[in-house]
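**Q**
If you want it as structure tokens, here you go:
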């Protein structure tokens, strides 16, 4: 069941995978990998690709002996509100998290880059990854929930919007509930006249030691950009990453959703080039465990 946008502890949606493969892993990328303190084997790997004005994908690959248990990404550079992270998901095999960025139908004059970030760890007990897709829709918005197997908890989320040739459908939400993930999308301000759908991936495992879910919201107003950071309680570290836009109506795009440090998850978004007169906010989700 879809939850209301006023919840402050655990809520809602995800993105979809575009039909064509956009860009390969960029050679010469910057890779930053470091151990996450106090959690044996946990690390965060971050890679950033080239800055230009074409659709592209960026992959963050976990160190040997570890797998992806969560992930996210960011867009940096020009035209932030016009570039959508339309695909954010773990790849088959479970050791790489991939992020795809695409411009909207108007295009962007300046250059921009894609960053992919993976939360990596030795495979936790009971690890399994499950995926599913919504039915194709002609509606202006849609959401899809994918549940973990009985008894397992969702610790990571991936999603994609599928069907549009560019970022005309906005991936708004990638939410992590205790037993499921929810992905949501919405057509942008100019609409989209063809069918589209959502793909959702849940990274699931047996309950983690000290596991808890933390959310935090930005201010709720009409602003060009918004950002918020969710922080894990003392003694716990980030294992999973999620985020959502509330009230954006397809005219606000995520520009960041990733673990910035071993204890924080940052989510940011920006209005499109025409601005947006209504109030909106972003919410960050952190799955924390010891």
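Residue numbers (the working numbering): 7 to 296. Glycine is no exception: its CB is placed at the ideal position from the N, C-alpha and C atoms.
Please state whether DSSP places residue 156 in a helix, a strand or coil.
**A** Correct three-state label for residue 156: coil.
**Q** What residue from 49, 295, 234, 59 has the CA that sits closest to residue 211's CA?
**A** Among 49, 295, 234, 59, the Cα nearest to that of residue 211 is on 295.
**Q** Taking a contact to mean a Cβ-Cβ separation below 8 Å, would you say residue 287 touches residue 223 in this structure?
**A** Yes.
**Q** Which two residues bound the contiguous beta strand (DSSP E) that contains residue 298?
**A** Beyond the ends of the chain as shown, which are 7 and 296, falls residue 298; an answer cannot be given.
**Q** Within the continuous beta strand (DSSP E) that includes residue 103, where are the two ends?
**A** Start and end: 102–109.
**Q** What span of residues does the beta strand (DSSP E) with residue 182 cover, start to end?
**A** Residue 182 -> beta strand (DSSP E) spans 175–182.
**Q** Does residue 128 pass the burial test, meaning 16 or more other C-beta atoms within 10 Å, or should it be called exposed?
**A** By the 10 Å Cβ count, residue 128 comes out exposed.
**Q** Just to check my reading of the structure: residue 177 and residue 191 have Cβ atoms closer than 8 Å, yes? What is that Cβ distance to the nearest angstrom?
**A** Yes, residue 177 and residue 191 are in contact; Cβ-Cβ is about 5 Å, under 8 Å.
**Q** Which value, in whole angstroms, describes the spacing of the CA atoms of residue 174 and residue 61?
**A** Rounded to the nearest angstrom, the two C-alpha atoms are 13 Å apart.
**Q** Out of 64, 95, 52, which has the shortest C-alpha to C-alpha gap to residue 208?
**A** Ranking 64, 95, 52 by Cα distance to residue 208 puts 95 first.
**Q** On a CA-only basis, which of 201, 108, 118, 87 is nearest residue 281? Give me that one, please.
**A** It is 87 whose Cα lies nearest to the Cα of residue 281.
**Q** Just to confirm my understanding: we take residue 105, look at its own chain, exclude 5 residues before and 5 after, and list those with CB closer than 6 Å. What are they?
**A** The answer, listed in chain order, is 64, 79, 91, 94, 120, 122.
**Q** Could you tell me the alpha carbon to alpha carbon distance between residue 254 and residue 157, rounded to whole angstroms?
**A** Their Cα atoms are separated by approximately 34 Å.
**Q** Tell me the residue span of the beta strand (DSSP E) that contains residue 64.
**A** Looking at the DSSP string, the run of the beta strand (DSSP E) that includes residue 64 is 62–67.
**Q** Helix, strand or coil for residue 260, going by three-state DSSP, please let me know.
**A** Here residue 260 sits in strand by DSSP.
**Q** Using the three-state DSSP reduction, which class does residue 86 fall into: helix, strand or coil?
**A** Here residue 86 sits in helix by DSSP.
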